[in-house]
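In this note's numbering, the protein residues as written are 276 to 579. These notes concern the structure reproduced below.
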Ligand code: NCD
C-alpha cells in the first residue's frame, strides 16, 4: 500500500506517468467516469480549505466514486480529544482512500503509519502540500512544454508557504532550474531549503524587489501571506500587501512568462491581470483536479 506524503514519494518517471494519465483523463473523461464505482474517498480536513477539498471531492465524483468526510476539526471527534491515529483506524473501516489536511506538520504521516488505506497529505501546517505541487508541475509541463531548463521566481510568503516548500523540493530533481526567491526579509525561504540548494549546487538568488528580476523569469509563482501562521496581527498587516502584481509590473515580464498561484489570492495579484494570457492560475485549478483523479486511480491500483 502506498501513501502520498511528499512529492518526492514518486520518482520523476512515475510523475510523468501520472501526468500522462491526468492528460488522458482530461481528454477522454467518459472513459474514466465509472473507474471508481463503489469506492469511497474520505476527506478529513482539520483546517479550512475550499479548493483542495472540493478538488478531491470533484475528482472522486467524476470517477464514479463517493465521498464522506468532515471539513473542520470542530465537527469531528478531534473536538472530543480523539487522536489522528484512532480517527484513521476508524476511517479505514469506512473508506478506501483518505485525503487529510492538518495544521500540525507530520500529522498525515502519523495517520499513514496507522492506516489500513492509502493516505494523501492534503497539506500539513507550513510543511508540504504534495497534491498542489502535482498541479503546479503538471501546469508547468503542459504550458511550458517541459519540466526543466527554466528560471522560476517564487514571490511572497516563502517562510510559511507550504506550497512553496513542496514545489522547491520537487523541482530540484529536474535539470537546469534556477530559483529566484522574492520576499521581504521577514518572510525569507527557510534555511533548510537554501542549505539543501547549496549542497546540491543548484543556483538561487534572494531579492526583495520583484521589478528588478521580472525580465529574467520564465515563470512567476505568487503566494499569499499566510495570515493563519503569524504570531501577531501587526506583522501580518505590515507585510500582507508587500507585493501586488499588476499590469504595470507585468509589462516588465517576458511575453511568454507564466504567472502561477496556488490560490486563494488575496491582494497579491490584481484582478486586471486575470485577462492577460500569461495568467495561468485558473488553469492550475483545472489541472489540479485531473491530477488528483490520476492520483486516486494510481494509489487504488485501478487500471482503465
Ligand atoms: C494553499 C494551501 O492551502 O497551502 N492553498 C491550496 O491548497 N491551493 C495555499 C494557501 O492557502 O495560500
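Beta carbons: idealized from backbone N, C-alpha and C, even for Gly. Given the structure is predicted, the values throughout are model-derived calculations rather than measurements.
Of the other Cβ atoms in all chains shown, 16 or more fall within 10 Å of the Cβ of residue 441; this residue is therefore buried.
Comparing C-alpha distances from residue 414 to each of 487, 320, 290, 575 shows the shortest one belongs to 290. In this structure, residue 548 places its C-beta atom within 7 Å of the C-beta atom of residue 520. 7 Å or more divides the Cβ of residue 518 from the Cβ of residue 495. Contact annotation: residue 287 and residue 405 have beta-carbon atoms that are not nearer than 7 Å. With 7 Å as the limit between CB and the heavy atoms of the ligand NCD, the residues that fall short of it are 324, 326, 327, 398, 404, 407, 436, 437, 438, 498, 499, 501, 537, 538, 539.
Taking a cut-off of 8 Å for Cβ pairs, the segment 347 to 354 and the segment 291 to 306 do not touch, as fewer than three such pairs fall below it. Around the CB of residue 292, fewer than 16 other CB atoms lie within 10 Å, so the residue is classed as exposed.
When the five nearest sequence neighbours on each side are left out, the beta carbons in the same chain lying within less than 8 Å of the beta carbon of residue 345 are those of 318, 319, 320, 351, in order along the chain. Inclusion of residue 389 and residue 360 in the CB contact set at 7 Å is warranted, their separation being smaller than that value. Annotation: residue 481 to residue 467 spans about 14 Å, alpha carbon to alpha carbon. Between the segment 426 to 435 and the segment 499 to 507, the count of C-beta pairs closer than 8 Å reaches three or more; the two stretches touch.
Look at residue 387 here: in three-state DSSP terms it is helix. DSSP, reduced to helix, strand and coil, places residue 484 outside both helices and strands of the structure shown, so it counts as coil. If you compare the alpha carbons of 327, 493, 367 with that of residue 423, the shortest gap goes to 493. Per the C-alpha coordinates, the member of 571, 577, 543, 534 positioned closest to residue 551 is 534.
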